[in-house]
Amino acid sequence: ERLPALLRLMPKAELHIHIEGSLEPELIFRLAQRNGVTLPYADVEALRAAYAFTDLQSFLDIYYAGASVLLKEQDFFDMAWAYLEKAAADNVVHAEIFFDPQTHTARGVPFETVIKGLNHAVHRAHAELGVSAKLILCFLRHLSEEEAFATLEEALPWRHHFIGVGLDSSEVGHPPSKFERVFARCRELGLHIVAHAGEEGPPAYIVEALDLLQSERIDHGVRSLEDPALVARLAAARTPLTVCPLSNVKLCVFDDLTQHNIGALLDAGLCAMVNSDDPAYFGGYMNQNFVELFAAQPQLTARHAYQLALNSFEASFVDADQKRVWQ
Ligand code: ADE
Ligand code: ZN
Numbered sequence: 020e021r022l023p024a025l026l027r028l029m030p031k032a033e034l035h036i037h038i039e040g041s042l043e044p045e046l047i048f049r050l051a052q053r054n055g056v057t058l059p060y061a062d063v064e065a066l067r068a069a070y071a072f073t074d075l076q077s078f079l080d081i082y083y084a085g086a087s088v089l090l091k092e093q094d095f096f097d098m099a100w101a102y103l104e105k106a107a108a109d110n111v112v113h114a115e116i117f118f119d120p121q122t123h124t125a126r127g128v129p130f131e132t133v134i135k136g137l138n139h140a141v142h143r144a145h146a147e148l149g150v151s152a153k154l155i156l157c158f159l160r161h162l163s164e165e166e167a168f169a170t171l172e173e174a175l176p177w178r179h180h181f182i183g184v185g186l187d188s189s190e191v192g193h194p195p196s197k198f199e200r201v202f203a204r205c206r207e208l209g210l211h212i213v214a215h216a217g218e219e220g221p222p223a224y225i226v227e228a229l230d231l232l233q234s235e236r237i238d239h240g241v242r243s244l245e246d247p248a249l250v251a252r253l254a255a256a257r258t259p260l261t262v263c264p265l266s267n268v269k270l271c272v273f274d275d276l277t278q279h280n281i282g283a284l285l286d287a288g289l290c291a292m293v294n295s296d297d298p299a300y301f302g303g304y305m306n307q308n309f310v311e312l313f314a315a316q317p318q319l320t321a322r323h324a325y326q327l328a329l330n331s332f333e334a335s336f337v338d339a340d341q342k343r344v345w346q
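Take 20 as the starting number for the sequence shown in UniProt numbering and just add one per residue.
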C-alpha cells in the first residue's frame, strides 16, 4: 500500500483551517487553568464526549465555548504554534489560516492581542518550520453587517498582518447578501475575498458569494453539484472549492466518507482540494483527511492525490513566482 505514504509525504497547501478549530481539548484545559477560566466540563474526556454533532450549529455552540479560554497574546500564539507544528508534520508547506476576531473582542479581548499572538506564530513558523502561513480575518455571519464594519475598523491598523477576509459561522438564514457592503469596502482595501457557502446552505448562496461579494474562492461549496449551471460556471472560472471531508461527515453534510462528492467535483473539472476545517473537533488534521478519504473511496488514485495537491497551490493566494516553484 504505497498510496497512504504518497498522501502523507506530498507537499500541500491548507486553505481552510479555522485556528480556533485547532484548539485541542488538552490545550483548552491547560489555558483554562492558566487563565482561571471555569469550564462547564469536568475534564478532557467529558469535553471530548460532547463532540457529537448533528449539524453546523451544534458544533458552533461548543466551538465558541472552547474559544472562551483564549485571553492573552501567549494563548493565541500557543494555539497557532501547535497547529503550525502539526501542519509541518503533515507536509503542509503553506497555510492560509482563518481567525474569528469577533469571538474574542465580544469577550473583551482586544483585537491587538489576537493578531499579535497569531502573527508571532506565523513568523516563527516560517523561520523554524519552513511553513509559509498567512492570516484571513473572518466575519461572523450570525452577527450584523454593522458589527462586521466595526471589526474591520478595529483591524485596519493591522492591515498588513492579514491577506484577506472571509465569512463563516451559521450559514442558513445569513446569506452573503447580508454583507455586500462590508465586502465591497474590503475589496477597495485590496483584501482577498473568500466566503463559506454551500456547506449547509443552498447553491443560491454560492451564486450570491460570487456575484455580490466577488468571492475568489468558495469555502466548502459541496452543494454546488445540485446546480449544473453553477458547476459549469465554477469550472470555467476555475473558482476553487476548499472542501473539508471529515468536517462534512462530522456535521452530517454526508452520511460517511464513502458518500462524499469530492471525486465528483474533481471529475466535473472543479478546482477542489482537501482541508481540515476544525481539526481538533472533526477527527484529524490534513493527512488524516487525505488518508481516511482515500481509504473510503478506492476509486481515488494517485492521479487524484496529485490533482488535489496541485489544486491547493493553484487556489492559494501566493504570488505567481512562488506558485511556479510549487506547481
Ligand atoms: N466556523 C468554524 N468552522 C466552520 C464551518 N465549518 N462552517 C461555518 N463556520 C465555521
Ligand atoms: Zn470552515
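Ideal Cβ positions, reconstructed from N, Cα and C, are used throughout, including at glycine.
Spatial distance of residue i from residue j (CA atoms)
i	j	result
Leu231	His35	21 Å
Asp340	Ala125	40 Å
His215	Ala174	21 Å
Ala101	Gly209	30 Å
Leu46	Ala255	43 Å
Glu165	Gln233	20 Å
Ser151	Met305	16 Å
His179	Asn138	10 Å
Ala140	Ala99	6 Å
Thr73	Gly220	15 Å
Contact test: residue i Cβ vs ligand 1 heavy atom, cutoff 8 Å
i	result
Glu115	no
Cys263	yes
Asp119	yes
Ser77	no
Leu156	no
Gly192	no
Ser234	no
Glu33	no
Tyr82	yes
Glu104	no
Test: residue i CB closer than 9 Å to a CB of chain B
i	result
Ala321	Reference to chain B is not applicable here, since this structure consists of a single protein chain.
Exercise. Contact between the region 149-160 and the region 178-190: three or more CB pairs below 8 Å?
Worked result: yes
Relative to ligand 2, what is the chain-ordered list of residues with a Cβ closer than 6 Å to any of its non-hydrogen atoms?
His35, His37, Asp187, His215, Asp238 and Asp296
Could you name each continuous beta strand (DSSP E) segment of 3 residues or more that falls completely within the region 292-332, going from the start of the chain to the end?
none
inquiry  = Under 8 Å: do the region 52-69 and the region 312-332 share three or more Cβ pairs, one atom per stretch?
reply    = no
Review point. Is it true that the region 103-115 meets the region 86-93, where meeting means three or more beta-carbon pairs spaced less than 8 Å apart?
Key: no
Runs of beta strand (DSSP E) wholly within the region 173-260 (minimum 3 residues, chain order): 183-187, 211-216 and 236-239
Inset, instruction - With a floor of 3 residues, list each beta strand (DSSP E) that falls wholly inside the region 102-158, ordered by position along the chain. - result: 111-118
Could you check whether the region 237-255 touches the region 287-301, counting it as contact only if at least three pairs of C-beta atoms, one from each stretch, sit closer than 8 Å? yes
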